[in-house]
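Colleague:
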Amino acid sequence: MSKCSTGLAAVTIVLSAGAAQAEPIRFEYWYGLSGQLGDVVQQTCDRFNQSQDDYEIVCVGQDGYANAVQNSIAAFRADQHPTIVQAYDAGTADLMMSGEFYPVSQMMEDFGIEIDWDDYFPGIANYYASSTGELFSMPFNSSTPMMYYNIEDLEAAGITPPETWEAFEEALVTLKANGEECAFAYTPSTWIDLEQFSMAHGVPIATNNNGYDGLDSEYVYNTTIHVQHMENIKRWHDEDLLEIRTTQGGLNARDSFAQGECSFYFGSIASHSTVHNLVEDTFEWDVAMIPVYEGTERKNTVVGGASLWVLSGKSDDEYRGAAAYLQFLATPESERFWVTNTGYIPVTRSGFEALNAEGFYENEPYRGRELALASLTYTDPTPITRGIRLGSFIQARSEWVNEVEAALQGQKTMQEALDTAVERSNALLDRFARTYRGQELP
Amino acid sequence: MRRAYFKNNWVAALVVAPQLLIIFIFFYWPTSQALYWAFTLEQPWGGGNEWVGFENFRYLLTDDLYWQSVRVSVIYAVATTVLAMSMALILALFADRQLRGYHGFRIGLIWPYAIAAPAIGLAFRFIFNPSAGVASYLNYAFPEIWNPVMNGDHALIMVIIAGAWKQVSYSFIFFLAGLQSIPRSLLEAGAMDGARVMRRMRDIQLPLLTPTFFFLIIINLTDSFTDSFGIVDTMTSGGPARATELMVYKIYEDGFRGLDYSGAAAQSIILMFLVIALTFVQFRYVERRVHYT
Numbered sequence: 001m002s003k004c005s006t007g008l009a010a011v012t013i014v015l016s017a018g019a020a021q022a023e024p025i026r027f028e029y030w031y032g033l034s035g036q037l038g039d040v041v042q043q044t045c046d047r048f049n050q051s052q053d054d055y056e057i058v059c060v061g062q063d064g065y066a067n068a069v070q071n072s073i074a075a076f077r078a079d080q081h082p083t084i085v086q087a088y089d090a091g092t093a094d095l096m097m098s099g100e101f102y103p104v105s106q107m108m109e110d111f112g113i114e115i116d117w118d119d120y121f122p123g124i125a126n127y128y129a130s131s132t133g134e135l136f137s138m139p140f141n142s143s144t145p146m147m148y149y150n151i152e153d154l155e156a157a158g159i160t161p162p163e164t165w166e167a168f169e170e171a172l173v174t175l176k177a178n179g180e181e182c183a184f185a186y187t188p189s190t191w192i193d194l195e196q197f198s199m200a201h202g203v204p205i206a207t208n209n210n211g212y213d214g215l216d217s218e219y220v221y222n223t224t225i226h227v228q229h230m231e232n233i234k235r236w237h238d239e240d241l242l243e244i245r246t247t248q249g250g251l252n253a254r255d256s257f258a259q260g261e262c263s264f265y266f267g268s269i270a271s272h273s274t275v276h277n278l279v280e281d282t283f284e285w286d287v288a289m290i291p292v293y294e295g296t297e298r299k300n301t302v303v304g305g306a307s308l309w310v311l312s313g314k315s316d317d318e319y320r321g322a323a324a325y326l327q328f329l330a331t332p333e334s335e336r337f338w339v340t341n342t343g344y345i346p347v348t349r350s351g352f353e354a355l356n357a358e359g360f361y362e363n364e365p366y367r368g369r370e371l372a373l374a375s376l377t378y379t380d381p382t383p384i385t386r387g388i389r390l391g392s393f394i395q396a397r398s399e400w401v402n403e404v405e406a407a408l409q410g411q412k413t414m415q416e417a418l419d420t421a422v423e424r425s426n427a428l429l430d431r432f433a434r435t436y437r438g439q440e441l442p
Numbered sequence: 001m002r003r004a005y006f007k008n009n010w011v012a013a014l015v016v017a018p019q020l021l022i023i024f025i026f027f028y029w030p031t032s033q034a035l036y037w038a039f040t041l042e043q044p045w046g047g048g049n050e051w052v053g054f055e056n057f058r059y060l061l062t063d064d065l066y067w068q069s070v071r072v073s074v075i076y077a078v079a080t081t082v083l084a085m086s087m088a089l090i091l092a093l094f095a096d097r098q099l100r101g102y103h104g105f106r107i108g109l110i111w112p113y114a115i116a117a118p119a120i121g122l123a124f125r126f127i128f129n130p131s132a133g134v135a136s137y138l139n140y141a142f143p144e145i146w147n148p149v150m151n152g153d154h155a156l157i158m159v160i161i162a163g164a165w166k167q168v169s170y171s172f173i174f175f176l177a178g179l180q181s182i183p184r185s186l187l188e189a190g191a192m193d194g195a196r197v198m199r200r201m202r203d204i205q206l207p208l209l210t211p212t213f214f215f216l217i218i219i220n221l222t223d224s225f226t227d228s229f230g231i232v233d234t235m236t237s238g239g240p241a242r243a244t245e246l247m248v249y250k251i252y253e254d255g256f257r258g259l260d261y262s263g264a265a266a267q268s269i270i271l272m273f274l275v276i277a278l279t280f281v282q283f284r285y286v287e288r289r290v291h292y293t
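So the sequence lines, in the order shown, correspond to chains A and B.
If you're matching positions, the first sequence starts at 1 in the UniProt record's numbering and goes up one per residue.
If you're matching positions, the second sequence starts at 1 in the UniProt record's numbering and goes up one per residue.
(1) Assign N9 of chain B to one of three DSSP states: helix, strand, or coil.
(2) S2 of chain A to W30 of chain A, Cα distance in whole Å?
(3) Find the residues of chain B that neighbour S98 of chain A, judging by a C-beta separation of less than 9 Å, and give them in chain order.
(4) Report the three-state DSSP secondary structure of A306 of chain A (helix, strand or coil).
(5) I'd like to check one pair, V203 of chain A with Q415 of chain A: are the Cβ atoms closer than 8 Å?
(6) Would P240 of chain B count as contacting chain A if we go by Cβ distances under 8 Å?
(7) Can you check whether the C-beta of L408 of chain A is within less than 8 Å of a C-beta belonging to chain B?
(8) Give the residues of chain A in contact with L258 of chain B, contact being defined as C-beta atoms less than 7 Å apart.
(9) So, for G91 of chain A: in the same chain, excluding its five sequence neighbours on each side, which residues have a beta-carbon less than 6 Å away from its beta-carbon?
(10) Under three-state DSSP, which class holds R196 of chain B?
(11) Indicate the three-state DSSP secondary structure (helix, strand or coil) for I84 of chain A in the structure shown.
(12) Tell me whether the segment 301-316 of chain A and the segment 86-103 of chain A touch, counting them as touching only if at least three CB pairs, one residue from each stretch, are closer than 8 Å.
(13) Candidates B:G255, B:A277 and B:V232: which alpha carbon is nearest S73 of chain B's?
(14) Taking only beta carbons into account, state which residues of the segment 104-132 of chain B come closer than 9 Å to chain A, listed in chain order.
(15) When you compare the CB positions of L428 of chain A and A396 of chain A, do they come within less than 8 Å of one another, or not?
(16) Mark K250 of chain B as exposed unless 16 or more other C-beta atoms lie within 10 angstroms of its C-beta, in which case mark it buried.
(17) Count the CB pairs spanning the segment 36-47 of chain B and the segment 274-282 of chain B that are closer than 8 Å, and state whether there are at least three.
(18) Closest by CA to G99 of chain A, which one among B:G46, B:A135, B:G163 and B:L109?
(19) Using a Cβ cut-off of 8 Å, pull out every chain D residue sitting near E253 of chain B, in sequence order please.
(20) Would the segment 397-404 of chain A count as touching the segment 184-199 of chain A if we require 3 or more Cβ pairs under 8 Å?
(21) According to DSSP, is T63 of chain A helix, strand or coil?
(22) Report the residue from B:L35, B:V11, B:A88 and B:G53 whose alpha carbon sits nearest the alpha carbon of T212 of chain B.
(23) Does any residue of chain A have a CB that is nearer than 8 Å to the CB of residue 296 of chain B?
(24) According to the Cβ coordinates, are G123 of chain A and I388 of chain A closer than 8 Å?
(25) Which word fits V104 of chain A, buried or exposed, when buried means at least 16 other C-beta atoms lie within 10 angstroms of its C-beta?
(26) Threshold first: 4 residues or longer. Then list the alpha helix (DSSP H) segments lying entirely within the segment 151-222 of chain B, N to C.
(27) Quick one: what does DSSP say M289 of chain A is sitting in, helix, strand or coil?
(28) In whole angstroms, what is the alpha-carbon distance linking V16 of chain B and M108 of chain A?
(29) What is the C-beta distance between A330 of chain A and I115 of chain A, in whole angstroms, given that I count them as a contact (C-beta under 8 Å)?
(30) For M235 of chain B, would you say it is in contact with chain A, using Cβ-to-Cβ distances shorter than 8 Å as the test?
(31) In angstroms, rounded to a whole number, what distance separates the CA positions of A189 of chain B and Q98 of chain B?
(32) Who are the near neighbours of V40 of chain A in its chain, counting only those whose CB is closer than 6 Å to its CB and skipping five residues on each side?
(33) How is Y59 of chain B classed by DSSP in three states: helix, strand or coil?
(34) Where do the N-terminal and C-terminal ends of the alpha helix (DSSP H) with P122 of chain A fall, by residue?
(35) If we count the other Cβ atoms within 10 Å of its Cβ and call it buried at 16 or more, is I290 of chain A buried or exposed?
(36) With DSSP as the reference, please indicate the residues paired to C45 of chain A in a beta bridge.
Structure (structure tokens):
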């Protein structure tokens with residue numbers, strides 16, 4: 001009995017205390033990054049909560065981009081969704097068509113928060129903006145692919161980092177002739193081999209400016225220089241110039257490189273800090289922009305990674321909190337915190353210039369990361385190098401991977417494989433357009 | 001024969017209500033939803049849908065790669081069932097012979113059933129890893145002989161072995177129980193007549209195990225169709241080039257990753273009918289015909 005009354009008293013005290021002191025407004029944020037990068041996301045939340053008393057952000061890791069989107073959809077259908085969700089580049093078209101979001105530029109304006117949107121690198125902002133230039137989601141963790149190379153292996157073979165694919169092939173031959181077991185650790189990747197490759201070469205992936213101008217787009221990558229590139233990759237595989245390294249095979253391409261086994265690997269700049277930690281000081285390495293074929297007028301690559309979407313159906317208070325958090329993320333200090341602790345690049349010009357001015361990129365372990373920005377801003381985005389806006393894109397990516405694997409196994413030629421992938425992906429686009437019949441891309 | 005029954009039906013209803021509620025919430029409700037989506041094109045964020053009749057099914061059934069996934073699933077189901085049951089039978093026959101230390105074996109052989117599929121997948125991924133795992137010794141002796149990363153057949157064999165390993169325990173328990181329920185006097189009589197161990201197994205124990213045998217075939221097949229996701233996801237992700245894309249994995253890929261809810265719903269309906277058909281076969285034919293009492 002006495003126990004019970006003490007309990008009651010405690011509850012009363014807590015309740016009255018809560019009423020006396022204004023409760024912070026709580027809102028949820030679901031993110032997809034995991035591992036060390038996920039920990040850093042969590043730290044941005046802690047920093048935000050400590051910086052003010054009005055709002056409390058509750059950050060929940062979803063262990064993967066795909067999970068973050070899936071779980072948000074399931075929660076949305078049950079009206080239990082978070083206010084903010086981190087969604088990957090490939091899911092952009094699906095989210096745009098859903099219409100179930102609060103455009104960030106609109107939200108910031110509604111709550112009277114000034115953000116200089118022109119400060120964002122156009123290659124980054126365009127990816128997440130509507131056709132009229134309205135920014136739908138907040139650019140956050142942004143990356144682009146790089147060529148990672150082992151300086152010591154290259155010096156031993158007497159070669160300089162290749163800038164063209166022709167020179168890259170020569171480098172592979174020389175490295176092999178020089179007794180290198182694994183010259184190039186390769187994993188088939190649409191993001192690098194197809195999407196970013198096509199951007200850098202200024203060739204389309206699909207009609208309608210890669211889908212920006214309408215839902216009735218069709219893939220065309222089986223007719224561009226992409227085919228020649230993939231045929232080269234197959235030939236390099238057949239001639240043992242490259243080794244396929246995947247997680248399923250035990251050691252993925254990044255780790256094969258970081259352990260010093262392979263001399264080249266292509267990967268996101270986001271892995272820069274991970275590679276640095278893995279290599280420690282066992283060998284010298286650096287990154288460079290991905291090569292292009294001779295005679296190509298190089299174009300900008302496009303942003304990868306994820307952005308932050310504010311979902312619809314939340315209260316004004318929660319939106320005010322979300323706006324405060326996004327504003328907090330956009331401050332130079334937050335950007336520096338994020339960029340320092342991960343391999344990602346700054347998303348604003350001022351953020352980049354501030355870091356540059358203090359010599360951030362001149363020192364280890366950050367040296368080289370500025371090349372990712374050089375790649376992203378190599379030219380102004382053209383209608384084709386703005387980005388990709390295609391529905392069911394995740395499935396289309398897996399069609400490409402499966403067909404390329406079949407070609408590498410020798411089941412079919414690369415041209416046949418890409419033709420099949422295009423045909424099947426077009427059927428997906430068709431289904432996507434029918435699912436949203438009568439609607440337009442915003 | 002006397003039958004027990006409740007005089008008051010309300011009491012009966014009250015007692016089964018929680019169970020029925022659970023079945024309704026976790027089975028009938030989702031199933032009816034999937035059935036509805038299978039006939040529509042559903043927008044993932046719930047913005048609306050359009051009735052399309054049998055189009056989703058037509059789309060699947062005219063797709064060569066869907067049939068490829070059905071083919072792979074059937075191969076996987078038959079192979080794991082045969083492999084798991086034959087291993088389990090051999091182990092059970094010997095555990096039943098009460099050789100030295102059989103108490104330990106009996107418990108040890110049941111344990112693997114408690115391991116989650118992804119954990120098994122990870123363990124076998126290491127064992128079969130062509131460059132770093134146990135199987136790398138094979139590649140060392142015969143270069144290029146084993147490569148599940150790029151060779152689809154190897155990948156499928158790898159997944160089958162892992163799947164079968166997981167199933168052995170379950171079949172083992174049933175076989176052992178079946179063997180132990182065979183009256184000792186029958187075996188002793190056989191021994192008196194001069195039948196040796198192998199002969200007694202072949203002519204007395206195996207025929208008397210037939211009901212267990214048929215029961216396990218159905219259970220194992222059903223399980224292979226529906227419970228193989230964890231292993232495929234951790235070991236191969238359906239690759240290389242769709243060589244291990246089982247039906248359940250394809251449903252996950254298309255529905256959850258690809259956000260094609262309608263296509264995935266149609267696939268689950270097809271899979272459900274397959275499992276219903278197997279269960280029907282079990283109840284209708286197997287359980288009725290096989291009797292040795």
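The C-beta atom is built at its ideal place from N, Cα and C for all residues, glycine as well.
Modeller: With the structure as the only source:
(1) helix
(2) For S2 of chain A, the pLDDT reaches just 44, beneath the cut-off of 50, and the residue's location in the model is therefore unreliable, although a value from the coordinates is still provided. The alpha-carbon atoms of S2 of chain A and W30 of chain A are separated by roughly 43 Å.
(3) The contacting residues are Q43, P44, W45, G46 and G47.
(4) strand
(5) no
(6) yes
(7) yes
(8) The question names Leu, yet the displayed sequence has Gly at residue 258 of chain B. At a C-beta separation below 7 Å, G258 of chain B has these neighbours in chain A: S392, I394 and Q395.
(9) V69
(10) DSSP, read as helix, strand or coil, puts R196 of chain B in coil.
(11) strand
(12) When C-beta atoms of the segment 301-316 of chain A are compared with those of the segment 86-103 of chain A, three or more pairs fall below 8 Å, so the two segments count as touching.
(13) B:V232
(14) R125, F126, N129, P130, S131 and A132
(15) yes
(16) buried
(17) no
(18) Residue B:G46 holds the alpha-carbon nearest to the alpha-carbon of G99 of chain A among B:G46, B:A135, B:G163 and B:L109.
(19) In the structure shown, chain D does not exist; the protein chains are A and B.
(20) yes
(21) Reading off the sequence shown, one finds Asp at residue 63 of chain A, where the question assumed Thr. For D63 of chain A, the secondary structure class from DSSP, reduced to helix, strand or coil, is coil.
(22) Closest in alpha carbon position to T212 of chain B, among B:L35, B:V11, B:A88 and B:G53, is B:A88.
(23) Because chain B is modelled from 1 through 293, residue 296 of chain B falls outside the range shown and cannot be assessed.
(24) no
(25) buried
(26) 152-180, 184-192 and 197-200
(27) coil
(28) Distance between the alpha carbons of V16 of chain B and M108 of chain A: 55 Å.
(29) Going by Cβ atoms, the distance from A330 of chain A to I115 of chain A rounds to 6 Å, so yes, they are a contact pair.
(30) yes
(31) 18 Å
(32) By the criterion of a C-beta distance shorter than 6 Å, V40 of chain A is surrounded in its chain by N341 and T342, once the five residues flanking it on both sides are discounted.
(33) Reduced to three states, the DSSP call for Y59 of chain B is helix.
(34) P122 to A125
(35) Per the 10 Å Cβ criterion, buried.
(36) Bridge partners of C45 of chain A: none, in fact.
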